[in-house]
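Participant: Here you go, one structure.
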């Protein structure tokens, strides 16, 4: 696919409406992939990516119903990673979801996720005597990628918490896992092996309320770049001007791609689709233009539903 065939790539007003970070019911969002396509279309978003946790199924589902006049779609995913130095969310874009490297990392992420779900349910039962009907547990385990929000909603349903947020903060987060995660280098290499571009999601945000700034962020970035990281999400719904500025500065210093995402989850988060902060800037950063140009010039992309 040639850049010249994508009209909005030369239209900055259009580019500022893109949203490359959102979640569907395949992970912890409340909109189905088909509903997301409809909402993206209605919002006038020209380019989007569904980045479900440890899953690329939404991309395939949207491809099946997407029409030629619909917004451009990029394959996407978000891996929840951890190693000895902390917690990371690694986004992948423009990969071939049918490639073996991607399938292998997705399978690993799903297996570890299901192990954590079962461990959290056991923890809630043993520590707090929270019990759920067997049919509810089986339904939870049958979901594509269940996680803390799903368990939190179940706790609210059965009166163990007033809100999903309370359930997660006061109960679910009390069980900790040190090794039940995909490592960042595994996610990055899986994305690259599938022909994609690995990007660090919301770099200043670590685990919970942790903020990663200055030397600590730079140390993380240098380490991840060593694994093959190619970009950072510098425009994000939760960023203050200071966080955005620092992330942009590191992107420029290390010649990284720049992306933008809202982290929309439907009713599971108070974040609006398309709320990336991009529309308030004067001009699109060079790193973002490079990201899009290189992405759309990839030979694989033209065969993966971006047209």
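In the working numbering, the protein residues as written are 990 to 1296. From the three backbone atoms N, C-alpha and C, an ideal C-beta is built for every residue, glycine too.
Who pairs with residue 1011 in a beta bridge, going by DSSP?
Facilitator: 1253
Participant: Does any CB atom of chain D fall closer than 8 Å to the CB of residue 1074?
Facilitator: Considering every chain present, this structure includes no chain D. It has just one protein chain.
Participant: Secondary structure at residue 1211, three-state DSSP: helix, strand or coil?
Facilitator: helix
Participant: Work out the CA separation of residue 1005 and residue 1272 for me, nearest whole Å.
Facilitator: 9 Å
Participant: Starting from the N-terminal side, write out each stretch of the beta strand (DSSP E) that is 3 residues or longer and does not extend beyond the segment 1170 to 1221.
Facilitator: 1186 to 1189
Participant: Would you decide whether residue 1067 is buried or exposed? Buried here means 16 or more other CB atoms lie within 10 Å of its CB.
Facilitator: buried
Participant: Run through the DSSP bridge pairs and tell me what residue 1071 is partnered with.
Facilitator: 1076
Participant: Could you give the DSSP three-state label for residue 1048: helix, strand or coil?
Facilitator: helix
Participant: Which residues does DSSP list as the beta-bridge partners of residue 1119?
Facilitator: Bridge partners of residue 1119: none, in fact.
Participant: If we ignore side chains and look at the alpha-carbon of each, how far apart do residue 1079 and residue 1120 end up?
Facilitator: 34 Å
Participant: In chain order, what residues of the same chain have a beta carbon less than 8 Å from the beta carbon of residue 1143, not counting five sequence neighbours either side?
Facilitator: 1121, 1125, 1129, listed in sequence order.
Participant: Mind checking who residue 1042 pairs with in its DSSP beta bridge?
Facilitator: 1067
Participant: Hey, how far is the Cα of residue 1276 from the Cα of residue 1191?
Facilitator: 16 Å
Participant: Residue 1267 and residue 1235: beta carbons closer than 8 Å?
Facilitator: Contact flag unset, no.
Participant: If I measure Cβ to Cβ from residue 1014 and keep anything under 6 Å in the same chain, skipping five residues before and after, which residues do I get?
Facilitator: Cβ within range, chain order: 1021.
Participant: Could you say which of 1045, 1173, 1175, 1118 lies nearest to residue 1147 if we only look at CA atoms?
Facilitator: 1118
Participant: Would you call residue 1222 buried or exposed, if buried means 16 or more other Cβ atoms sit within 10 Å of its Cβ?
Facilitator: It is buried - the Cβ of residue 1222 has at least 16 other Cβ atoms within 10 Å.
Participant: Comparing C-alpha positions only, which one of 1226, 1178, 1193, 1051 sits nearest to residue 1215?
Facilitator: 1178
Participant: Going residue by residue through the segment 1227 to 1289, where are the continuous beta strand (DSSP E) segments of at least 3 residues, counting only ones entirely within it?
Facilitator: 1246 to 1250
Participant: Are residue 1170 and residue 1070 closer than 8 Å when you measure CB to CB?
Facilitator: yes
Participant: Reducing DSSP to helix, strand and coil, say where residue 1081 ends up.
Facilitator: Under the three-state reduction of DSSP output, residue 1081 falls in the strand class.
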